[in-house]
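In this note's numbering, the protein residues as written are 1 to 360.
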Ligand code: GLY
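Quick look at the structure:
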């Protein structure tokens, strides 16, 4: 692990070069206009202060993770304890128990974890019947020589470690899925039932459609990092579809010398751009967490295929990044305005507006 003095010096020396490189590349995005200045250092030089960041649905998660960090917990354990709150919540339709199912009505969960000091990772994908995939991912890291287990193998592994299989499809999620199924076409034998909760017959746009996820990264007072991303993935996905969340470097990446990054939103964009890894690399080369998130968002927007662009050529999907550097600075950026992140800086938990590429 680098000491803080070395890190700060390297950070400082590379920052100038990165700025020049960015200008030379003619960075076209509206970064300066839309930066939210969340990047105020949370630490003194050479002294780390615990910080926990998460996606906006992680207010309770950052509270719990910070409590655990203050009690001396490992940063990865603290982050996992935080996201377990959302995995356990049947009302959240994007993660764990109660997550929206695949097109067959089966909930399939993805998660990854990464431990900074060990530089080890674990992940599970398309896991059915276990509400805390983040905990199974940690066991993959701790108790196997592998990084990723999928499907039936992941389920057998979880059960071998004592996890209880249960139905993850709640009535709320089942009704939303049924409404989605019934609204596909006028040329099938499904009839939209007027009485289904929360749905507007004949208006498929009123049906929740989500890539919702929770990402949480924690930095402890020693400057050590851990991160987790957990999700039920794309709603109504083709069975077996795996998103970015369980793919190290896409939905999560931690480098204990530099920082941690994670994402929520369109997973395919992160899979095609190794986004979380790229954010950490941008921080390695001197960018602040917020700048790094914006840099990678712009790269993704530049690469977006025509069918995913609006009439002005803008990437029309949602994508958000969250990043924390080893020095305690943090930031977030979203493809579209209105994004937020949850942060606990040791004093209080709060939501902060994310920087963005495009204004809604
Ligand atoms: N980012 C979550 C997913 O695409 O599955």
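Each residue gets a CB set at the ideal place from its N, CA and C atoms; glycine is no exception. All values reported here derive from a predicted model rather than from experimental measurement.
- [ ] Going by DSSP, name the residue or residues bridged to residue 236.
- [x] DSSP output for residue 236 lists no bridge partner at all.
- [ ] Can you give me the Cβ contacts of residue 265 inside the same chain, cut-off strictly under 6 Å, excluding the 5 residues immediately before and after it?
- [x] 211, 318, 319 and 320
Task: Sheet register partners of residue 51 (DSSP bridge) - done: 219
Open item on the list: According to DSSP, is residue 98 part of a helix, a strand, or is it coil?
Closed with: coil
- [ ] Would you please state the rounded distance, in angstroms, between the beta carbons of residue 399 and residue 228? I believe it to be under 8 Å.
- [x] The requested residue 399 does not occur in the structure, where the chain is confined to residues 1 to 360.
Task: Continuous beta strand (DSSP E) stretch holding residue 259: start and end - done: 259 to 265
Task: Other residues of its chain near residue 104: CB distance less than 7 Å, five sequence neighbours each side excluded - done: 239
Task: Under the three-state DSSP convention, the category residue 271 falls into - done: helix
Open item on the list: Is any non-hydrogen atom of the ligand GLY found closer than 7 Å to the C-beta of residue 233, if you look at the structure I gave you?
Closed with: yes
Open item on the list: Whole angstroms are fine: how far does the CA of residue 316 sit from the CA of residue 308?
Closed with: 6 Å
Task: Segments assigned alpha helix (DSSP H), at least 4 residues, entirely inside the segment 98 to 152 - done: 133 to 143
Task: Where residue 230 sits in the DSSP three-state scheme - done: strand
- [ ] Compute every distance between the C-beta of residue 266 and the non-hydrogen atoms of the ligand GLY, then say whether any falls below 7 Å.
- [x] yes
Task: Cβ neighbours of residue 63 in the same chain (closer than 6 Å, five flanking residues each side left out) - done: 349
Open item on the list: Based on DSSP bridge pairs, tell me the residues matched to residue 241.
Closed with: Answer is none; residue 241 lacks a bridge partner.
Open item on the list: Would you call the segment 107 to 116 in contact with the segment 132 to 139, where contact means no fewer than 3 C-beta pairs closer than 8 Å?
Closed with: yes
- [ ] Return yes when the C-beta of residue 107 is under 7 Å from any heavy atom of the ligand ZN, and no when it is not.
- [x] Only the ligand GLY can be found as ligands here, which leaves the ligand ZN out of the picture.
Open item on the list: Short of 6 Å in beta carbon distance, which residues of its chain neighbour residue 346, apart from the five on each side in sequence? Order them along the chain.
Closed with: 49 and 50
Task: Residue nearest to residue 122 in terms of C-alpha spacing, selected from 256, 259 and 247 - done: 247
Task: Given residue 251 as reference, the closest of 242, 333 and 262 once Cα atoms are compared - done: 262
Open item on the list: Assuming residue 177 is part of the alpha helix (DSSP H), what are its boundary residues?
Closed with: 171 to 182
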